[in-house]
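Peer 1: Chains as they are written, first to last, in the working numbering: chain A, 1 to 294; chain B, 1001 to 1342; chain C, 2001 to 2307. Ideal placement from N, C-alpha and C gives every residue a C-beta, glycine not left out. Please read these numbers as outputs of a predicted model, since none were measured by experiment. Handing you a structure now.
Here's what the structure looks like:
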């Protein structure tokens, strides 16, 4: 049974984290992105949604001088909007969608998974069949179906992505419950039945934290990517709001003479998803008893 | 002095450590011994004492990371194996020294037929191909008493019992036709009849082709039956080497005395007697003599000063690592200390 | 349990999944969505709505509609595409081959690149090649494929002019999209090959092989590789299915590749319900059959699974 009270001591946790420089740096980057996103107005004075047409398609200020009140560090887009600004406000959208989908998905998935694992029998079987069917279905297409039916936009995008978000959390929660059930039964036969609440809170919860964090971080990365995909195609966030995917989608036709509109959002997506993956990998390697170390 | 005329394998000052996240594990710490041609040397010790690592080190099978052989030399038939380039070492593996590995359950490739795995040993070490190699492989299956060898040839490891797998491991090692055979607990999961057959087979090979065997075991019954000389390992070090009779009748090291117990209690399948206490943690070894925490005869010097590897009998036949060998003179000859021969 | 029974079991599951997906799609489009409202202009009168509803058969009870849909689907009759005015199934069949070509090529590239590199990285963990591989595969997974495509297009098509920017026709047209699409599966494959190889190389049977005097390269390719095939196939198969199932869409759009993914995006822009239903059904069937194939390949590579 995975019971590592000593590993969870804060001190050794932070020490371990710092040892793995890559994961640590990734987390710092993520935190920075987060901060800049939340305090957007501090970092940019340009509006992300309205621009000055006379200043359209200007190159980033490090390649050519720019007009306007302050330099356009990353250039302007086809409507004269500051790219950096759109990038920062776009982060808000992309991250928000990712977080909401991941959190709600986690809540639903964990609840369902714990029910399945705890009650077993028919409940378990039905739920797992549903999970299998869901996992075998074309998730992107189903999301697109939702989009078609409900119409594009941020809210509908979130709903569309939610359909697929619960399954992984469900599987994870269920397997954790099964592990605990197995060992608790072995340890003391009378533990089951007496004090279910106790079992849930004392045994299941602590052990679920690390796989939960891993799954959450990985799913977050996945949904940020998914939002980018859908927005790129025009099905997600609608103009004039910006999201990273949408910026690339809109900037596509200007790629030959205004490559910066496409380059920077892509880099941002890449960095964010990469850092999330690295942190998620690290969490899994450190805390998942089943993961094999080198 | 170094290599008596009949010595075929000579190990000097061998040290292998594993560098883990939490520290260095000195699995083998400066051991020296030799085996003469046609002789059976039993390597005995508790689990974790370094027996298997010794064998793997001899064959240069220690993988970095995290393990590394940090010093020593192994001379086979006059050639120092540690000086060979890897490509030549591979030639030595098998036809020079072959090893029967310890865990039959996981030591066979699950997606290859056992016949193919034996054939591979034959092809590489006997230089045969195709049908000839296959015939030899089937012959080998017969030798280790596997029934219906032609059919079994096509079986996969998971279709065979543990005992059969172990016999396949033996067949593979013997197929290499080695000069020296290192057998790491080759009979531990076999039933008594098969065990007897396997031991008889080894005795036969020894007689017929003068095969040299290094037998790693913790079964004193087998030691009594098979061994000419015995080496006792403890916490990565060799603490006593002597011929088998002296070992049982008059051991010099308190540890040996402890595990051998009374000669009258012995029977085949007898495990080592339990000595109170646990083997030391190889990352936090005790100071001085590694055995001192469990030794009834310990004295002050044992706690602080590591005993040297000394020659008791004067003719190189009985080496001991102890400050106060039982029934012998205190402070044995310092002249023959740590010479690298046992 | 023999192979036959195993296949039957998997087929049964496949049917259940396809059924489940079809029902899901049906529910989404008919219960949540309102095809009639979508098709008619805003000023349409009530009579027009009623007429259209009856014409489309949407006034029947839901279960009856579902029944009709499923029985039609079984006969591969998916109705007429609203947008293209031809049978839906024809539209899908016309576009599928192009996508299959693209995805197959992409996966081939992934295999050729990822497996040798993964093996090399596993053989020398911590070395430069290992770090390059890990970094490269992570990037390949993290960067959005449509962006990779655009960047490649910028460099090779626009900048250097070696390859065309879009369309289909010659081998040149397929290079950029295939390479772009290959990043993701290559990244996954490289990671799993590396991980599994490291485990295999640490196992006891490799020790046995080495002790026999087997050469290292033989150990890598004859002994260890076979044992990682099941994991590698699972990963690749799963990626293949996901690509065909829609992830190729963005790349097809970027390069103007007239395939299934591009079709899906157009379908949605045109609000063509029956066509989308057809597409989803097709993908579901394809993915399930692919999974079945993978399961069969499993048994081929891992003798322990053959009962």
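Can you tell me whether residue 1310 (chain B) is helix, strand or coil according to DSSP?
Peer 2: Translated into the one-based positions of the second chain, residue 1310 (chain B) becomes position 310. Of the three classes helix, strand and coil, the one that applies to residue 1310 (chain B) here is strand, per DSSP.
Peer 1: Pick from A:57, A:84, A:21, A:58: whose alpha carbon is nearest that of residue 37 (chain A)?
Peer 2: Counting from 1 along the first chain, the entry for residue 37 (chain A) is found at position 37. Closest by alpha carbon: A:84.
Peer 1: With a threshold of 8 Å between beta-carbons, can residue 2249 (chain C) be considered close to chain A, or not?
Peer 2: By 1-based counting over the third chain, the position of residue 2249 (chain C) is 249. Interface residue, yes.
Peer 1: Evaluate residue 1147 (chain B) with the Cβ neighbour count: other Cβ atoms within 10 Å of its Cβ, from every protein chain shown; 16 or more gives buried, anything less gives exposed.
Peer 2: Counted from its first residue, the second chain places residue 1147 (chain B) at position 147. The residue is exposed, with fewer than 16 neighbouring Cβ atoms inside 10 Å.
Peer 1: Within 8 Å (strictly less), CB to CB, does residue 2139 (chain C) reach chain A?
Peer 2: Residue 2139 (chain C) sits at position 139 when you count from the first residue of the third chain. So, interface residue.
Peer 1: Using only alpha-carbon positions, find the residue among A:284, A:285, A:286, A:272 that is nearest to residue 25 (chain A).
Peer 2: Numbered from 1 along the first chain, position 25 holds the residue referred to as residue 25 (chain A). Ranking the options by Cα distance to residue 25 (chain A), first place goes to A:272.
Peer 1: Roughly how many whole angstroms lie between the Cα atoms of residue 134 (chain A) and residue 2245 (chain C)?
Peer 2: Here the question's residue 134 (chain A) lines up with position 134 in the first chain. Here the question's residue 2245 (chain C) lines up with position 245 in the third chain. Going from the Cα of residue 134 (chain A) to the Cα of residue 2245 (chain C) covers about 14 Å.
Peer 1: Is there at least one Cβ from chain C nearer than 8 Å to residue 1345 (chain B)'s Cβ?
Peer 2: Residue 1345 (chain B) lies beyond the range of chain B shown here (1001 to 1342); nothing can be said about it.
Peer 1: Contact defined as beta carbons within less than 8 Å: I believe residue 2335 (chain C) pairs with residue 2196 (chain C). What is the distance between those atoms, to the nearest angstrom?
Peer 2: Residue coverage of chain C in this structure runs from 2001 to 2307, which leaves residue 2335 (chain C) outside it and unanswerable.
Peer 1: Would you call the CB atoms of residue 1150 (chain B) and residue 1138 (chain B) closer than 8 Å?
Peer 2: Numbered from its first residue, the second chain carries residue 1150 (chain B) at position 150. Numbered from its first residue, the second chain carries residue 1138 (chain B) at position 138. Residue 1150 (chain B) is a Cβ neighbour of residue 1138 (chain B), given a cutoff of 8 Å.
Peer 1: Report the option in C:2211, C:2108, C:2050 whose CA atom is closest to the CA atom of residue 1098 (chain B).
Peer 2: The sequence position of residue 1098 (chain B) within the second chain is 98, counting from 1. For residue 1098 (chain B), the nearest C-alpha among the options comes from C:2211.
Peer 1: Taking buried to mean at least 16 other C-beta atoms within 10 Å of its own C-beta, is residue 1192 (chain B) buried or exposed?
Peer 2: Counted from its first residue, the second chain places residue 1192 (chain B) at position 192. Taking all protein chains in view, the Cβ of residue 1192 (chain B) is surrounded by fewer than 16 other Cβ atoms within 10 Å, so the residue is classified as exposed.
Peer 1: List, in order along the chain, the chain C residues whose C-beta lies closer than 9 Å to that of residue 1172 (chain B)?
Peer 2: Residue mapping note: residue 1172 (chain B) aligns to position 172 of the second chain, counting from 1. Those within 9 Å of residue 1172 (chain B) in chain C are 2208, 2211, 2212.
Peer 1: What residues match up with residue 1020 (chain B) in a beta bridge as DSSP calls it?
Peer 2: Residue 1020 (chain B) sits at position 20 when you count from the first residue of the second chain. Its beta-bridge partners are B:1023.
Peer 1: Which partner residues does residue 82 (chain A) have in the DSSP bridge list?
Peer 2: In the first chain, counting from the first residue as 1, residue 82 (chain A) sits at position 82. According to DSSP, residue 82 (chain A) bridges with A:76.
Peer 1: In three-state terms, what does DSSP make of residue 157 (chain A)?
Peer 2: To locate residue 157 (chain A), count along the first chain from 1; it is residue 157. The answer is helix: DSSP assigns residue 157 (chain A) an H, G or I state.
Peer 1: Roughly how many whole angstroms lie between the Cα atoms of residue 1045 (chain B) and residue 2199 (chain C)?
Peer 2: Here the question's residue 1045 (chain B) lines up with position 45 in the second chain. Here the question's residue 2199 (chain C) lines up with position 199 in the third chain. Computed Cα separation, rounded: 29 Å.
Peer 1: At 4 residues or longer, what runs of the alpha helix (DSSP H) sit wholly inside the stretch 2130–2188 of chain C?
Peer 2: 2145–2152
Peer 1: Where does residue 1075 (chain B) sit, in a helix, a strand or coil, going by DSSP?
Peer 2: Here residue 1075 (chain B) refers to the residue found at position 75 when the second chain is read from its first residue. Strand, per DSSP.
Peer 1: Would you say residue 1178 (chain B) and residue 1078 (chain B) are within 8 Å of each other, going by their C-beta atoms?
Peer 2: Translated into positions along the second chain, residue 1178 (chain B) becomes position 178. Translated into positions along the second chain, residue 1078 (chain B) becomes position 78. For residue 1178 (chain B) and residue 1078 (chain B), no; Cβs fall outside 8 Å.
Peer 1: Compute the beta-carbon to beta-carbon distance between residue 2251 (chain C) and residue 2180 (chain C), rounded to the nearest angstrom, for a pair I have assumed lies under 8 Å.
Peer 2: Sequence index remark: in the third chain, residue 2251 (chain C) carries index 251 (1-based). Sequence index remark: in the third chain, residue 2180 (chain C) carries index 180 (1-based). About 5 Å; that satisfies the 8 Å criterion.
Peer 1: Please report the straight-line C-alpha distance between residue 2222 (chain C) and residue 286 (chain A), rounded to a whole angstrom.
Peer 2: In the third chain, the residue the question calls residue 2222 (chain C) occupies position 222. In the first chain, the residue the question calls residue 286 (chain A) occupies position 286. Looking at the two C-alpha atoms, the distance is approximately 33 Å.
Peer 1: Considering just the uninterrupted stretch of the beta strand (DSSP E) at residue 1320 (chain B), what are its terminal residues?
Peer 2: As a first step, residue 1320 (chain B) must be located in the second chain, where it is residue number 320. Taken as a continuous stretch (DSSP letters only), the beta strand (DSSP E) holding residue 1320 (chain B) covers 1319–1321.
Peer 1: By DSSP, does residue 263 (chain A) sit in helix, in strand, or in coil?
Peer 2: Residue mapping note: residue 263 (chain A) aligns to position 263 of the first chain, counting from 1. Correct three-state label for residue 263 (chain A): helix.
Peer 1: Does residue 2205 (chain C) get closer than 8 Å to chain B when you measure Cβ to Cβ?
Peer 2: Position 205 of the third chain, counted from the first residue, corresponds to residue 2205 (chain C). Yes, residue 2205 (chain C) lies at the interface with chain B (some Cβ there is under 8 Å from its Cβ).
Peer 1: Identify the residues that DSSP records as bridge partners of residue 1093 (chain B): which are they?
Peer 2: Within the second chain, numbered from 1, the residue matching residue 1093 (chain B) stands at position 93. Answer is B:1097, bridged to residue 1093 (chain B).
Peer 1: Identify the continuous alpha helix (DSSP H) that holds residue 1152 (chain B) and give its terminal residues.
Peer 2: Looking up residue 1152 (chain B) in the second chain gives position 152. First-last of the alpha helix (DSSP H) with residue 1152 (chain B): 1149–1152.
Peer 1: Using 10 angstroms around the beta-carbon of residue 50 (chain A), count the other beta-carbons present and answer buried if the total reaches 16, otherwise exposed.
Peer 2: One-based indexing of the first chain puts residue 50 (chain A) at position 50. Label assigned to residue 50 (chain A): exposed.
Peer 1: Only counting the same chain, and skipping five residues up and downstream in sequence, which positions put a Cβ closer than 7 Å to that of residue 1094 (chain B)?
Peer 2: Here residue 1094 (chain B) is taken as the residue at index 94 of the second chain, counted from 1. These residues qualify, in order along the chain: 1121, 1124, 1125, 1176, 1178.
Peer 1: Identify which residue in A:238, A:239, A:170, A:236 has its Cα closest to the Cα of residue 118 (chain A).
Peer 2: Counted from its first residue, the first chain places residue 118 (chain A) at position 118. The shortest C-alpha separation from residue 118 (chain A) is found at A:170.
Peer 1: Short check: CB of residue 2309 (chain C) to CB of residue 2294 (chain C), under 8 Å?
Peer 2: Here chain C has residues from 2001 to 2307 only, and residue 2309 (chain C) is not among them.
Peer 1: Applying the criterion that 16 or more other CB atoms from any shown protein chain within 10 Å of the CB defines a buried residue, is residue 160 (chain A) buried or exposed?
Peer 2: Mapped onto the first chain, residue 160 (chain A) falls at position 160. Burial of residue 160 (chain A) is indicated by the presence of at least 16 other C-beta atoms within 10 angstroms of its C-beta.
Peer 1: Between the Cα of residue 1026 (chain B) and those of B:1033, B:1082, B:1015, B:1036, spot the shortest distance and give me the residue it belongs to.
Peer 2: Sequence index remark: in the second chain, residue 1026 (chain B) carries index 26 (1-based). Comparing Cα positions, the closest option is B:1015.
Peer 1: By alpha-carbon positions, which one of B:1320, B:1008, B:1209, B:1184 ends up nearest to residue 1257 (chain B)?
Peer 2: By 1-based counting over the second chain, the position of residue 1257 (chain B) is 257. It is B:1320.
Peer 1: If I measure Cβ to Cβ from residue 186 (chain A) and keep anything under 7 Å in the same chain, skipping five residues before and after, which residues do I get?
Peer 2: As a working note, residue 186 (chain A) is residue 186 in the first chain. Bear in mind that the predicted position of residue 186 (chain A) carries a pLDDT of just 45, short of 50, making it unreliable; the figure below should be weighed with that in mind. Nothing listed; no residue qualifies.
Peer 1: Can you find the residues in the same chain that come closer than 7 Å, C-beta to C-beta, to residue 275 (chain A), ignoring five residues on each side of it along the sequence?
Peer 2: Residue numbering aside, residue 275 (chain A) sits at position 275 when the first chain is read from its first letter. Excluding residues within five positions, the ones whose Cβ falls inside 7 Å are 26, 29, 30.
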